[in-house]
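Taking mature numbering (1 follows the signal peptide of the UniProt record, and there is no 0), I'd label the letters of the sequence shown as residues -21 to -1, 1 to 360. Beneath this line is the structure, given in C-alpha cells, with notes to follow.
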Amino acid sequence: MKKIISFFFFFVLGINLPLSAQTTLAKGDIVLLGINACFNNHCKKNNHNEIDDKIYLVPLDHLRQGTSFIITDNGWERNNNNYFGTTEGVLRFTSRKYIKKGTVIALNIIPNSDKNKLEKVNPDWKVEVLNGNNNNFDFAQHDQFFLVDGKNQWSNNGNHKGNLKDKPYLFAFNNKIVWKGKTGSSNDSSLPDENPNNDNKKDLRNFHLSLLAEKKEDFKHYHYYNGPKTSTSRNQWMIRLLNPNNWETEESHNEFDNNFKPENLEVNDLIGEIKVCEGENITLEIEKDGEKSIQEVVGWYKSTVNTLSNPTEISSSTSNLLTIPANETGTFFYFAKIKYTLNHKKNQGGTIQSNSAVVNSGYYRVIVNKSVETTPIEPIN
C-alpha cells in the first residue's frame, strides 16, 4: 500500500510540476504573427464593441501555466536615453493554462486600461495594468510595441522615465523601418541596443520585425505573416517571422479578415530522419526562409546528442544543400549554422543599419548502419 501511495504522489507531482513553474523566456521565444490595429472601427464581428487592437502572437517554445510577458507601446528613448516613455500602456499577461509551442495567441486590447474588461475579453489570461488606468495601449498605424519578460518590474519616474529592468526583452515590432527616438512623439522609438548604459538583456537588434514602410502614406493598420508555413525548427520559424519580406499589408479590416487565417504553427527541431549504410551518401537540406531570404548557411556540423552540444564541423560549405559520405556507424545529429540579418533605419531616408546573428538550424537524425558483407557465389562446374 505504501508503494502505491508513493507512486501516486510522485505521479501527480510529476504532472503538476511543469504547470507550476514559469517557462524561462529567451529573446525570440514569442513573436508576432499578425496585427489588426483598427479592430473596433471596422469589424462587425466585434461582440464587445470595445476591442480596439487585436494582436496575434505565437510562442516558439512551450509556455507553462503561470508564464507571463509584458507588452507596451511606450516608445524606447521617447524623450530620454535608456528610458521608455510613460504615457502609454504597460500590460502584464499571465497564462492561466499550458500553451503548446506554435499555438496562436490572440490578444484583445481595449482602448482603456481596465483590468476587469481586459480579462473579460482575454479569459485565458490574468491581466495586470502596470502604468495606471489612464495610460492606454492603443496601436497607431505608424507605431511600435515591445514584448519583455513578465518577471520585469515597471517603474514610472515621470517625465518619460519609465523602466523595465533586470529581465530580457523578447521582441520588438515596428510597422515602419525607421527607429528614431527622442522626437517627443508617442509613435516613435529607438531600437534598444547594446551600449555602455544599456546591458545586453535589452538589445533587440537581432530580434525585431521592422516592416519596410518609410513614408506616411504607406503606413497601415493591418499586417500579417504570409511566408512559408511548412514545419520547421524554432530558430528557422523565428527567422521566417522576422523577415519583413514575408509580410502582407492590407488596406482595410475586411481585406485583413478575409486573407489572414491565424493557423497554429508546427514547430519541431527534428526536421528529418535518415537511415543509410556505411559508405552510402547522406543528403541534407536547409529550407530557405522565403523567396527574399535574409539567411545564409555558414557551415555544417554533426553532434552525437540531439541537444547539438560539442559539435564537429563536417563542411564549411555555404550551400543550403549538402551531400556527404556516411563514413562512421552510429546515430548522429546533423545541422547547419545559419546567419540571419535584420535591417532598420535611424532616420527617414537614412542609411540601412544591419545586424546579424548566427543560430543553429533544425537537425537531422541520421542512423548509419554497418554495411552487410556478402560472400560471392562461385559458379557450379
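Cβ coordinates follow ideal geometry from the N, Cα and C atoms, glycine included. The model shown is predicted, which means the values in this text are computed figures rather than measured ones.
Pair within 8 Å by beta-carbon distance, residue i and residue j
{"i": "PHE239", "j": "TYR280", "result": "no"}
{"i": "ASN247", "j": "ASN225", "result": "no"}
{"i": "GLY141", "j": "ASN53", "result": "yes"}
{"i": "GLU245", "j": "SER210", "result": "yes"}
{"i": "ARG57", "j": "SER168", "result": "yes"}
{"i": "LEU4", "j": "LEU149", "result": "yes"}
{"i": "GLY160", "j": "ILE49", "result": "no"}
{"i": "VAL337", "j": "LYS318", "result": "yes"}
{"i": "LEU190", "j": "LEU11", "result": "no"}
{"i": "LYS144", "j": "ASN136", "result": "no"}
{"i": "LYS146", "j": "LYS99", "result": "no"}
{"i": "HIS139", "j": "ASN214", "result": "no"}
{"i": "GLY13", "j": "TYR35", "result": "yes"}
Residue nearest to residue i in terms of C-alpha spacing, selected from the options
{"i": "ASN306", "options": "GLU29, CYS256 and ASN87", "result": "CYS256"}
{"i": "ASN15", "options": "ASP31, LYS6 and SER295", "result": "ASP31"}
{"i": "GLU67", "options": "LYS199, ASP122, GLY7 and LEU287", "result": "ASP122"}
{"i": "SER74", "options": "ASN59, LYS94, LYS99 and ARG43", "result": "ARG43"}
{"i": "GLY258", "options": "THR320, ALA5 and THR308", "result": "THR308"}
{"i": "GLN332", "options": "THR320, GLY129, PRO290 and SER340", "result": "THR320"}
{"i": "GLU234", "options": "TYR203, PHE116 and ASN289", "result": "TYR203"}
{"i": "TRP104", "options": "THR46, SER189, VAL338 and LEU143", "result": "THR46"}
{"i": "PHE311", "options": "THR286, GLY328 and SER189", "result": "THR286"}
{"i": "SER165", "options": "LEU191, THR297 and ASN115", "result": "ASN115"}
{"i": "LYS267", "options": "THR297, LYS79, LYS146 and GLU227", "result": "THR297"}
{"i": "HIS232", "options": "LYS146, TYR201 and LYS271", "result": "TYR201"}
{"i": "ILE9", "options": "GLU29, ASP182, LYS208 and TRP216", "result": "TRP216"}
{"i": "ASN91", "options": "ILE34, GLU29, GLN120 and ARG71", "result": "GLU29"}
{"i": "LYS271", "options": "PRO304, PRO207, TYR35 and GLY7", "result": "PRO207"}
Distance, residue j Cα to residue i Cα
{"i": "ASN61", "j": "LEU170", "result": "10 Å"}
{"i": "ILE(-18)", "j": "ALA(-1)", "result": "In this predicted model, ILE(-18) has a pLDDT of only 40, less than 50, meaning its place in the structure is not dependable; the value taken from the coordinates is given anyway. Roughly 26 Å separates the two Cα atoms."}
{"i": "TYR343", "j": "GLY251", "result": "5 Å"}
{"i": "ASN185", "j": "ASP93", "result": "33 Å"}
{"i": "THR302", "j": "GLU196", "result": "49 Å"}
{"i": "THR162", "j": "VAL37", "result": "31 Å"}
{"i": "VAL345", "j": "LYS199", "result": "47 Å"}
{"i": "GLU292", "j": "VAL277", "result": "11 Å"}
{"i": "ASP172", "j": "VAL351", "result": "57 Å"}
{"i": "PHE124", "j": "ALA151", "result": "6 Å"}
{"i": "ASN299", "j": "SER340", "result": "11 Å"}
{"i": "ILE273", "j": "ARG219", "result": "9 Å"}
{"i": "ASP40", "j": "LEU126", "result": "15 Å"}
{"i": "LYS349", "j": "SER335", "result": "41 Å"}
{"i": "ASN289", "j": "GLY81", "result": "28 Å"}
{"i": "SER295", "j": "GLY329", "result": "35 Å"}
{"i": "ASN101", "j": "ILE78", "result": "14 Å"}
{"i": "ASN25", "j": "CYS17", "result": "Any reading at ASN25 needs caution, since the residue's pLDDT is 49, under 50, leaving its predicted position unreliable; the model's value is listed next. Answer to the nearest angstrom: the Cα atoms are 11 Å apart."}
{"i": "ASN71", "j": "THR228", "result": "Note that residue 71 is Arg in the sequence shown, not Asn. Looking at the two C-alpha atoms, the distance is approximately 28 Å."}
{"i": "LYS194", "j": "HIS323", "result": "14 Å"}
Sheet register partners of residue i (DSSP bridge)
{"i": "residue 390", "result": "Residue coverage of the chain in this structure runs from -21 to 360, which leaves residue 390 outside it and unanswerable."}
{"i": "ILE88", "result": "ASP32"}
{"i": "THR73", "result": "SER47 and LYS105"}
{"i": "GLY309", "result": "VAL347"}
{"i": "VAL37", "result": "VAL10"}
message: Measuring CB atoms only, is the stretch 154 to 164 touching the stretch 83 to 94, in the sense that at least three cross pairs come out at less than 8 Å?
response: Verdict: no, contact absent.
query: Touch check for the stretch 101 to 120 and the stretch 66 to 80: three-plus C-beta pairs under 8 Å?
result: They touch, by the three-pair rule.
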